[in-house]
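**Student:** One structure, as structure tokens, below. Some questions next.
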Amino acid sequence: MNGYAFLRICAVLVIVFSIPQTSIAQIHLNRVSKAERSDGKGYVVRFHFDQPIDSFQVIQPATDLIQMQLFGKDIDTTGIDLPEIGGKIQEVRLYKMEDSYGVDIYLDQNVYVMASAYPDKYSDDLLLALTKATAYEVEVFTQQFLAKNWYLNVNPEDALEITMVPAAEPDDKFNDLADKLKFDTIVIDAGHGGKDPGNVGYKNTREKDIVLAISKKLGEYIEEYLPDVKVIYTREDDTFIDLYDRGSIANKHQGDLFVSIHANAWHNPSVRGTEVFFLGLHRSESSLEIMKKENMIFNDGEREVRELTEEELLIYELAHSGYIANSERIASMMDHQFSKRANRKSRGVKQAGFVVLYEASMPALLVEVGFLTNPSEQRFLASEYGQSIMASAIFRSIRDYKEEYERSQEITSSN
Ligand SMILES: [Zn+2]
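4 is the number of the first residue of the sequence shown in the working numbering; add one for each residue after it.
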């Protein structure tokens, strides 16, 4: 996204963002955490709410000051964890007012970022995006705003109602789910199914059948060799499941990993090899053809391709900073297994905008196990032997990742 487009999005977002309210019970703001974005484009600050707030506003009156107003009649911040003072994001201060909270975020003076905010689509949290820009761009951006003095928002006699919220013990963990010590649930998604055959290759081999067979073998290996991990399938037979529902199934079971299994096709039969994708902003041109096939939506017999917008990808990036790094890690472990242990030709690890991954709120991968249009790869993938090889390669990378993940969680929690 260029600087101008970004400015335009920011300008739209300073208008109060209204969120439909579902409940009038007390809303808890438990903590505010910060993280570096995995796309290297800046930082993200997360406001951890247990219910949606009414609305919010964000302005940036100076290069080093961002101000937010969070509206909600009954927001409670007792015992809130605020980020430690210092670093790029120097300090977060909260001011309690009658119908809202004022927030001041002070940045290091050498940091040049532009602020925008979004409700997290995966939780009730609010995400503040700080996107790197040039000093000049930030200067121009800030000129449209006047700093708010929270103390002027109330009558002088009520001035006591505005109180700064003291921070409890700082806690910089960014995603709530990432606090889990154990890797204990995996969601296996066999692509396509029912009226959607997926790719059809050599000898009319259908993607939906091949990937279901590999998915079931993978599930069996996990159940046998990792008995403490629960296996959830999005489909176990030849049924059609919407792309959006696949992610919802994964979220409902609070999976630690979502693996969507697919097989590829190409008009040139000599093309072959495996690919492992995770969702990211750096979409490569070569991924576009695959995205068109895997992002097909079936509406009343009509097929259409759903494309994720730049803004959707940015929100995913903000919400999942922690997960994206994990997804990339497992993707490279899986790629290693395919090429070094299963002796497949690897086409590498790539980023792309797959809808099925976008919906899952956890580390998530899409695997292309090979090309059904390549006669030798089709023979391999259609055979019991080939399916076992692919399933066990995926299994080993998950097993290794689980070990690594749990070891790192133990180290973090014992510190
Ligand atoms: Zn597919």
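No residue lacks a Cβ here, since even glycine has one placed at the ideal position from N, Cα and C. Nothing here was measured: the structure is a model prediction, and the numbers come from that model.
Within its chain, find whatever has a CB closer than 7 Å to the CB of N298; leave out the 5 residues flanking it on each side and keep chain order.
**Tutor:** Residue numbering aside, residue 298 sits at position 295 when the sequence shown is read from its first letter. V308, R309, E310, F357, V358.
**Student:** Regarding H195 and ligand 1, is the C-beta to nearest heavy atom distance less than 7 Å?
**Tutor:** Sequence index remark: in the sequence shown, residue 195 carries index 192 (1-based). H195: yes, Cβ under 7 Å from ligand 1.
**Student:** Rank P272, A396, G197, N329 by C-alpha distance to the C-alpha of L304 and give the top, closest one.
**Tutor:** As a working mapping, residue 304 is identified with position 301 in the sequence shown. Checking the sequence shown, residue 304 turns out to be Gly, not Leu. With distances taken between Cα atoms, G304 lies closest to G197.
**Student:** Look up R238 in the DSSP assignment and say whether it is helix, strand or coil.
**Tutor:** Counted from its first residue, the sequence shown places residue 238 at position 235. Correct three-state label for R238: coil.
**Student:** If you reduce the DSSP assignment to three classes, tell me which class E94 lands in.
**Tutor:** One-based indexing of the sequence shown puts residue 94 at position 91. Strand at E94.
**Student:** Flag G356 as yes when its Cβ comes closer than 7 Å to any non-hydrogen atom of ligand 1, and as no otherwise.
**Tutor:** Indexing the sequence shown from 1 puts residue 356 at position 353. No, the Cβ of G356 stays beyond 7 Å of every heavy atom of ligand 1.
**Student:** Could you pull the DSSP bridge partners for H265 from this structure?
**Tutor:** Residue numbering aside, residue 265 sits at position 262 when the sequence shown is read from its first letter. In DSSP, H265 forms a bridge with E371.
**Student:** Please return the same chain residues whose Cβ sits closer than 8 Å to the Cβ of D248, not counting the five positions on each side in sequence.
**Tutor:** As a working mapping, residue 248 is identified with position 245 in the sequence shown. Closer than 8 Å at the Cβ level, and outside the excluded window around D248, lie T237.
**Student:** Do you know how far the Cα of K348 is from the Cα of Y408?
**Tutor:** On the sequence shown, residue 408 is found 405 positions in, with the first residue counted as 1. On the sequence shown, residue 348 is found 345 positions in, with the first residue counted as 1. Each residue's alpha carbon lies about 28 Å from the other.
**Student:** When DSSP builds the beta bridges, which residues end up paired with G45?
**Tutor:** Counted from its first residue, the sequence shown places residue 45 at position 42. Looking at the DSSP assignment, G45 forms a beta bridge with T134.
**Student:** So, under 8 Å CB-CB, M117 and F148 are touching, yes? Tell me the CB distance rounded to an integer number of Å.
**Tutor:** Residue numbering aside, residue 117 sits at position 114 when the sequence shown is read from its first letter. Residue numbering aside, residue 148 sits at position 145 when the sequence shown is read from its first letter. So it is not a contact: roughly 11 Å between Cβ atoms.
**Student:** In the segment 317-386, which residue ranges form an unbroken beta strand (DSSP E) of at least 3 residues, counting only runs that do not cross its ends?
**Tutor:** List check, beta strand (DSSP E) in window: 349-355, 367-374.
**Student:** Alpha carbon to alpha carbon, how far is D84 from L369? Give it in angstroms, no decimals.
**Tutor:** Here residue 369 refers to the residue found at position 366 of the sequence shown. Here residue 84 refers to the residue found at position 81 of the sequence shown. Distance between the alpha carbons of L369 and D84: 36 Å.
**Student:** Evaluate contact between the segment 220-230 and the segment 252-261, counting only Cβ atoms and requiring at least three cross-stretch pairs below 8 Å.
**Tutor:** No, they do not touch.
**Student:** Give a single yes or no on whether N33 has its beta carbon closer than 7 Å to a heavy atom of ligand 1.
**Tutor:** The residue given as residue 33 occupies position 30 in the sequence shown. No; taking the cut-off as 7 Å, the Cβ of N33 has no heavy atom of ligand 1 nearer than that.
**Student:** Can you tell me where the alpha helix (DSSP H) holding Y228 begins and where it ends?
**Tutor:** The sequence position of residue 228 within the sequence shown is 225, counting from 1. 210-228 is the span of the alpha helix (DSSP H), which, as asked, contains Y228.
**Student:** So does G201 have its beta carbon nearer than 7 Å to some heavy atom of ligand 1?
**Tutor:** Position 198 of the sequence shown, counted from the first residue, corresponds to residue 201. True, at least one ligand heavy atom lies under 7 Å from that Cβ.
**Student:** Do you know offhand how far Q70's Cα is from E315's?
**Tutor:** Numbered from its first residue, the sequence shown carries residue 70 at position 67. Numbered from its first residue, the sequence shown carries residue 315 at position 312. For Q70 and E315, the distance between alpha carbons rounds to 24 Å.
**Student:** Looking at the unbroken alpha helix (DSSP H) that takes in N254, where does it start and where does it end?
**Tutor:** Position 251 of the sequence shown, counted from the first residue, corresponds to residue 254. Residues 246-255.
**Student:** Check E409 in the structure and name its three-state DSSP category.
**Tutor:** On the sequence shown, position 406 is the one that residue 409 refers to. Three-state result, E409: helix.
**Student:** Quick one: grab the DSSP three-state call for R40.
**Tutor:** Position 37 of the sequence shown, counting from 1, holds the residue named residue 40. It is coil, neither helix nor strand.
**Student:** Which partner residues does N302 have in the DSSP bridge list?
**Tutor:** Numbered from 1 along the sequence shown, position 299 holds the residue referred to as residue 302. Paired residue(s): E305.
**Student:** By how many angstroms is the C-alpha of G204 removed from the C-alpha of Y404?
**Tutor:** As a working mapping, residue 404 is identified with position 401 in the sequence shown. As a working mapping, residue 204 is identified with position 201 in the sequence shown. Using only the alpha carbons, I get a separation of about 32 Å.
**Student:** Assign I401 to one of three DSSP states: helix, strand, or coil.
**Tutor:** Counted from its first residue, the sequence shown places residue 401 at position 398. Note: I401 maps to helix in three-state DSSP.
**Student:** For a quick check, are the C-beta atoms of A132 and G45 less than 8 Å apart?
**Tutor:** Mapped onto the sequence shown, residue 132 falls at position 129. Mapped onto the sequence shown, residue 45 falls at position 42. In contact: A132 and G45 (Cβ atoms closer than 8 Å).
**Student:** Restricting to Cα atoms, I'd like to know which of Y121, V190, I333, Q257 is closest to F281.
**Tutor:** The residue you call residue 281 lines up with position 278 of the sequence shown. When only C-alpha atoms are compared, the closest one is I333.
**Student:** Below 6 Å CB to CB, which residues in the same chain sit around R399 once its five sequence neighbours on both sides are set aside?
**Tutor:** For the purposes of this step, residue 399 is taken as residue 396 along the sequence shown, with counting starting at 1. Closer than 6 Å at Cβ, skipping near neighbours: Q340.
**Student:** Figure out for me which residue from E371, P366, A322 has the closest Cα to the Cα of M294.
**Tutor:** On the sequence shown, position 291 is the one that residue 294 refers to. Closest by alpha carbon: E371.
**Student:** Would you say the beta carbon of H339 is closer than 7 Å to some non-hydrogen atom of ligand 1?
**Tutor:** Working through the sequence shown from its first residue, we reach residue 339 at position 336. Checking every heavy atom of ligand 1 against the Cβ of H339, none is found closer than 7 Å.
**Student:** With respect to 7 Å, is the separation between the Cβ of E362 and the closest non-hydrogen atom of ligand 1 below this value?
**Tutor:** By 1-based counting over the sequence shown, the position of residue 362 is 359. Not under cutoff, so the answer is no.
**Student:** Considering only residues of the same chain and omitting the five flanking positions on each side of G222, which have a CB-CB separation below 8 Å?
**Tutor:** For the purposes of this step, residue 222 is taken as the residue at position 219 of the sequence shown. Excluding positions up to five away in sequence, the list reads I191, V234, Y236.
**Student:** Taking the alpha helix (DSSP H) that M294 belongs to, which residues open and close that run?
**Tutor:** Here residue 294 refers to the residue found at position 291 of the sequence shown. Note, M294: alpha helix (DSSP H), 291-297.
**Student:** State yes or no: is the C-beta of D53 within less than 8 Å of the C-beta of G75?
**Tutor:** The residue you call residue 53 lines up with position 50 of the sequence shown. The residue you call residue 75 lines up with position 72 of the sequence shown. Against a cut-off of 8 Å, the Cβ pair of G75 and D53 comes out as no contact.
**Student:** Can you look up I414 in the DSSP assignment and give me helix, strand or coil?
**Tutor:** As a working note, residue 414 is residue 411 in the sequence shown. Reduced to three states, the DSSP call for I414 is helix.
**Student:** Would you check if the distance between the CB atom of E320 and the CB atom of D42 is smaller than 8 Å?
**Tutor:** Numbered from its first residue, the sequence shown carries residue 320 at position 317. Numbered from its first residue, the sequence shown carries residue 42 at position 39. Closer than 8 Å, so yes.
**Student:** Compute the distance between the beta-carbons of Y109 and L155, then report whether it is under 8 Å.
**Tutor:** Looking up residue 109 in the sequence shown gives position 106. Looking up residue 155 in the sequence shown gives position 152. Going by C-beta atoms, Y109 is not nearer than 8 Å to L155.
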